[in-house]
Amino acid sequence: MGVTAKQMNKYARDRGYTNWYQFLEDVDDWVAQEALKQIELEDK
1366 MGVTAKQMNK
1376 YARDRGYTNW
1386 YQFLEDVDDW
1396 VAQEALKQIE
1406 LEDK
């Protein structure tokens, strides 16, 4: 299906960030890709 912005922001907030963009500023691309995969898995 796909990951929504709401899911991405919830993932970031659960880890102490204000939003997804703040999370992206702190992590490298690989970590962000893995986070998206994890969000998708949690959605199923």
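The numbering used here applies: residue 1366 is where the sequence shown begins, and numbers increase by one.
Positions of the beta carbon are idealized from the N, C-alpha and C atoms, including for glycine.
Opening and closing residue of the alpha helix (DSSP H) in which residue i lies
i: Tyr1382; result: From DSSP, Tyr1382 is part of no alpha helix (DSSP H); its letter is neither H nor E.
i: Asp1394; result: 1394-1408
Inter-residue CB distance, residue i and residue j (contact presumed, cutoff 8 Å)
i: Leu1389; j: Ala1397; result: 6 Å
i: Tyr1376; j: Ile1404; result: 5 Å
Buried/exposed call for residue i, threshold 16 Cβ in 10 Å
i: Trp1385; result: buried
i: Ala1370; result: exposed
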